[in-house]
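Undergrad: Residues in the sequence shown are numbered consecutively from 256, following the working numbering. Just passing along the structure, written as structure tokens.
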Amino acid sequence: MAHKVVVEILENNKWRFGEFARVKTNSAKVDEKFWCRLCIPVIYAHWEGFVVDSLKEMLKYLNSLKLNPSLVPTNLVVFCLGDSYRSLSGKQSFEQRIEFTKKFNKLLSNTLSFATKIETKSNLKSDVLKNVCGVFRFDFDRFSDVVHELDRLVHLRNSIAHGENAIVPDMQNILKYIDAVSNAMDLLIEEIDSFLNDEKYLDVDDVVKQV
């Protein structure tokens, strides 16, 4: 059975699939070349929006669990520290080290509170997706069949956004990108469902030690 968070994510985002259906039909019979150029940014926006919204809901759920830092994998502790690591970049002063240590000790003495903003750099291509998967230890290899089309979609969207008029996608391209994004969405949902249902947000070794 799907985790309740996954059910909520799908309910919140089902409108995106309705828009994909409208994109495919072009019922207003807009000039095809013009229509396809318009559709590229729309398809990309749904891809990024779905990823951001899905992970936001997942993180809100993790915050509701009030997780003890000692019971979660190190990758999630690092993610929770977020921008705190910036104070250690370059030749940090002794005072900066003190400030970081204070933040780290405070984190370990409280329940975890994740920032729910997911950084995609407004450019959610495969390397960014790989980094996002790495944070939660999702299986990025499962996306191998769609990353090429996702990267191509991002490239076309950026080119159109920067005013390049040599980009002329056709409906075959549009259908291909919608298919790739839809498959990637399904894969992400499966990874989130597994992450939550199998409680992969807990460090099993540490939990066993404390039982």
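Glycine included, each C-beta is placed from N, C-alpha and C at the ideal position. If you're wondering where the values come from, they're calculated on a predicted model, not measured in any experiment.
Do LEU326 and LEU457 count as a contact pair if the criterion is CB distance below 9 Å?
TA: The sequence position of residue 457 within the sequence shown is 202, counting from 1. The sequence position of residue 326 within the sequence shown is 71, counting from 1. Contact: yes.
Undergrad: Does the Cβ of HIS301 have 16 or more other Cβ atoms within 10 Å, making it buried, or fewer, making it exposed?
TA: Here the question's residue 301 lines up with position 46 in the sequence shown. Burial call: buried.
Undergrad: Go through the stretch 299-387 residue by residue and report every complete run of the alpha helix (DSSP H) that reaches 4 residues or more, in order.
TA: 329-336 and 349-364
Undergrad: Output yes or no for whether 9 Å exceeds the beta carbon distance between ASN330 and PHE391.
TA: What you label residue 330 is simply residue 75 of the sequence shown in a count that begins at 1. What you label residue 391 is simply residue 136 of the sequence shown in a count that begins at 1. Against a cut-off of 9 Å, the Cβ pair of PHE391 and ASN330 comes out as a contact.
Undergrad: Using C-beta distances below 8 Å, list every residue in its chain close to SER437, excluding the 5 sequence neighbours before and after it, in chain order.
TA: Along the sequence shown, one-based indexing puts residue 437 at 182. PHE272 and PHE275.
Undergrad: When we look at the beta-carbon of PHE289 and count the other beta-carbons within 10 Å, is it buried (16 or more) or exposed?
TA: Position 34 of the sequence shown, counted from the first residue, corresponds to residue 289. Counting Cβ neighbours within 10 Å, PHE289 comes out exposed, since fewer than 16 surround it.
Undergrad: So for ARG392, helix, strand or coil by DSSP?
TA: Numbered from its first residue, the sequence shown carries residue 392 at position 137. ARG392 falls in the coil class under three-state DSSP.
Undergrad: Taking all protein chains shown into account, decide if MET256 is buried (16 or more other Cβ within 10 angstroms of its Cβ) or exposed.
TA: For the purposes of this step, residue 256 is taken as the residue at position 1 of the sequence shown. Result: exposed.
Undergrad: At a Cβ threshold of 9 Å, is SER414 touching chain D?
TA: Among the protein chains of the structure shown there is no chain D, as only one such chain exists.
Undergrad: For GLU404, which residues of its own chain have a beta-carbon under 7 Å away from its beta-carbon, when the five flanking residues on both sides are left out?
TA: As a working mapping, residue 404 is identified with position 149 in the sequence shown. Cβ neighbours of GLU404 beyond the five flanking positions: LYS431, TYR432 and ALA435.
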